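**Student:**
Chains as they are written, first to last, in this note's numbering: chain G, 39 to 342; chain U, 1427 to 1600.
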C-alpha cells in the first residue's frame, strides 16, 4: 500500500464514522415512548396484599405451581423479587406511617427505553407500540446481560433448565391480552383497583389529579414518570418511595445514555483501527524488510 | 291568568314527584343485594343492605350525593353544587364492570374529573374495606368470599395446595 492510499483510506473512514453512525446514537435518549403506549398506574395506598395478582399472573402465563398457596401471607416475611416461576411478586413493608403496612407489587416496568433491550446483543427484546417490552425466547442465548442491565432487577432466569436456560420476565400479557386491547391479568383480578390500566399519557394525568385532590394522602411524585427515561408502569405512594424498596438514585437519564458515547466510538474503532494499524504495520515492515534482508544474507554467508 | 299559573304549578309538582329519587321512596330500597360478578371463583356474597342502613343511617356515606343529600365533598362541589338527587343510585348504575376494556377506554371522557372513575369491583372493595378497616368489620378476603373449587385451584390453596406447603403445615402441626 502506498502512503498516499493509506492516508486517503483513513480520511474516508474517519469521515464516514463521524458523519454517519454517531448521528443515530445522538437520536437515542430523547424517546418518550409511543404516543399510544399503554401503561398501568399502581396506587400503593390501595393495596391490601391479597396476592390475587400473583395468582392471576401464574395462571395466565401458565407458570409452574407455586411453592406456597397464593392466599398464604407468610411469604411476606421475606422480600422477594420476580423469578422464572413468578413474573410478579408483592412485598410488604412496615413503615412508620399509621394505617398498617404498605404493599408493593413488583413486575417489569416496561421502560420507554429499556436497558435490557439495549444490552441484548442478539436483539431478542422488542418494545412494542402498545408499550410492552417483550422478548423472543427462541433467540435468547441466555447470556444474562439484561439481568445486569435492568435498573429494577426484574428479569428472572430459568436456572432450572440445564440445556436451554433463557431469561423470563413479565411481558404485559402481550401475546394473550395487550395486543388485543385487553388489560393484563393482574389488573383485571385486582379487587381494590390498585392497578389502573390505560394510555400512559392519561395515567400521568390521573396520577397528578389524585395527588392534587388528596395531597395529604400521597407523596408528590409519580415514580416512573421520569425515572430512567420514563416507564410504562407508574407508581403512586403514601410514604417516601425509598422506604418501600424503590431505588430513588437512578436519575432520569435512560440507561442507554450511560453507554451511548462509548458505543458511538465502537464503529470508529472498528473502521479506523484496522486501517491505521495495517498502515503502521506496512510502514514498519518495509523498513524491517531491508534489515532482514541484510541479516539473511549475513547468515547465509556465515553458513558458507 | 290564574288558571295558567295553577296549571304551571301543578305541572312542576307533578314533575317533582316523577323525578323524586327512587331511594327516597321507601318501597324501592332493597333489603339484600346479591353480589355475584366473581361467581367463577367465589360463592356469591349476600350483602345485607338493611343491616347496613341501620348501622350507618346516612345513605350518602356510601352513595355519594346521589341520594339527594347535600353535596359536601370538596371535589364534587366544584361541579355538583346545585345537582339534585339522581335517578340512578345503585353502585352498578355508574361503576361499570368493564373498567378497562378497549371500548371503555375509548369512550372515557378524558377532560373531566370522572376520567378516574372506579370500576364496580374497585368501588365495592374500596367502599366496604375502607369502612370495615376503620369500624372493625371483616377485612380478610375469605371473610366475605368463600372460595369455590375453581377458586381453590386458582389460588393453589385448600385441596389444590402445593404438596410442599401441605407438608409444612403438617410439620408445624406437630
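C-beta: ideal position from N, C-alpha, C; glycine also. This structure is a prediction, so every number in the text was calculated from the model and none was measured.
1. Against chain U, which members of the segment 237-270 of chain G pass a CB distance test of less than 8 Å?
2. If distances are taken between C-alpha atoms only, which option among G/270, G/119, G/277 comes closest to residue 240 of chain G?
3. By the three-class DSSP mapping on this structure, what secondary structure does residue 1526 of chain U have?
4. Per DSSP, residue 236 of chain G forms a beta bridge with which residues?
5. Going by CA-CA distance only, name the one from G/314, G/90, G/318, G/108 that's closest to residue 1584 of chain U.
6. Can you pull the chain G neighbours of residue 1545 of chain U, defined as C-beta to C-beta under 8 Å?
7. For residue 167 of chain G, go through chain U and note every residue whose CB falls closer than 7 Å to its CB, in chain order.
8. For residue 162 of chain G, I'd like the list of residues in its chain whose CB is within less than 6 Å of its CB, leaving aside the five on either flank, ordered along the chain.
9. Can you tell me the Cα-Cα spacing of residue 1502 of chain U and residue 1570 of chain U, whole angstroms?
10. Verify whether the separation of the beta carbon atoms of residue 170 of chain G and residue 210 of chain G is less than 9 Å.
11. Give me the Cα-Cα distance between residue 287 of chain G and residue 261 of chain G, rounded to the nearest whole angstrom.
12. Residues of chain U with CB closer than 8 Å to the CB of residue 75 of chain G, please, in chain order.
13. I'd like the span of the alpha helix (DSSP H) that includes residue 183 of chain G, first residue to last.
14. Specify the secondary structure class of residue 144 of chain G as computed by DSSP and reduced to three states.
15. Mind checking who residue 172 of chain G pairs with in its DSSP beta bridge?
16. Strictly by DSSP, which residues pair up with residue 1458 of chain U?
17. Of all the residues that make up the segment 91-107 of chain G, which are near chain U by a beta-carbon distance shorter than 7 Å?
18. Enumerate, from N- to C-terminal direction, the unbroken beta strand (DSSP E) stretches of 3 or more residues contained entirely within the segment 257-312 of chain G.
19. With a cut-off of 8 Å on the beta carbons, I'd call residue 216 of chain G and residue 224 of chain G a contact; round off their distance for me.
20. Where does residue 1481 of chain U land, buried or exposed, given buried means 16+ other C-beta within 10 angstroms?
21. My guess is that residue 200 of chain G and residue 1580 of chain U are in contact by the Cβ rule of under 8 Å, so how many angstroms apart are they, rounded?
22. Cα separation between residue 117 of chain G and residue 1582 of chain U?
**Tutor:** Here's the rundown:
1. 237, 240, 243, 244, 247, 248, 251
2. Counting from 1 along the first chain, the entry for residue 240 of chain G is found at position 202. The candidate whose alpha carbon is nearest that of residue 240 of chain G is G/270.
3. Within the second chain, the letter at position 100 stands for residue 1526 of chain U. The answer is coil: DSSP assigns residue 1526 of chain U none of H, G, I, E or B.
4. Residue numbering aside, residue 236 of chain G sits at position 198 when the first chain is read from its first letter. Partner(s): G/77.
5. By one-based count along the second chain, residue 1584 of chain U stands at place 158. When only C-alpha atoms are compared, the closest one is G/108.
6. As a first step, residue 1545 of chain U must be located in the second chain, where it is residue number 119. Within 8 Å Cβ-Cβ: 231.
7. Residue 167 of chain G sits at position 129 when you count from the first residue of the first chain. What residue 167 of chain G touches in chain U: nothing, since even the nearest Cβ is about 15 Å away.
8. For the purposes of this step, residue 162 of chain G is taken as the residue at position 124 of the first chain. So the list reads 173, 174, 177, 178, once near-sequence residues are dropped.
9. By one-based count along the second chain, residue 1502 of chain U stands at place 76. By one-based count along the second chain, residue 1570 of chain U stands at place 144. Their backbone Cα atoms lie some 31 Å apart in a straight line.
10. The count along the first chain starts at 1 and reaches residue 170 of chain G at position 132. The count along the first chain starts at 1 and reaches residue 210 of chain G at position 172. Yes, the Cβ-Cβ distance between residue 170 of chain G and residue 210 of chain G is below 9 Å.
11. Working through the first chain from its first residue, we reach residue 287 of chain G at position 249. Working through the first chain from its first residue, we reach residue 261 of chain G at position 223. Taking the straight line joining both Cα atoms gives about 12 Å.
12. Looking up residue 75 of chain G in the first chain gives position 37. Those within 8 Å of residue 75 of chain G in chain U number zero; the least Cβ separation is about 13 Å.
13. The sequence position of residue 183 of chain G within the first chain is 145, counting from 1. Residue 183 of chain G -> alpha helix (DSSP H) spans 183-187.
14. On the first chain, position 106 is the one that residue 144 of chain G refers to. The answer is strand: DSSP assigns residue 144 of chain G an E or B state.
15. Taking the first residue of the first chain as position 1, residue 172 of chain G is located at position 134. DSSP, once it has assigned bridges, lists G/164 as partnering residue 172 of chain G.
16. In the second chain, residue 1458 of chain U corresponds to position 32, counting from 1. Looking at the DSSP assignment, residue 1458 of chain U forms a beta bridge with U/1474.
17. For the segment 91-107 of chain G, the set of residues with a beta-carbon nearer than 7 Å to any beta-carbon of chain U comprises 93, 97, 103, 104, 105, 106, 107, in chain order.
18. 271-274
19. Taking the first residue of the first chain as position 1, residue 216 of chain G is located at position 178. Taking the first residue of the first chain as position 1, residue 224 of chain G is located at position 186. Going by Cβ atoms, the distance from residue 216 of chain G to residue 224 of chain G rounds to 12 Å, so no, they are not a contact pair.
20. Position 55 of the second chain, counted from the start, is the residue given in the question as residue 1481 of chain U. Exposed.
21. As a working note, residue 200 of chain G is residue 162 in the first chain. As a working note, residue 1580 of chain U is residue 154 in the second chain. Not quite, the Cβ-Cβ distance comes to about 31 Å (not below 8 Å), so this is no contact.
22. As a working note, residue 117 of chain G is residue 79 in the first chain. As a working note, residue 1582 of chain U is residue 156 in the second chain. Taking the straight line joining both Cα atoms gives about 21 Å.
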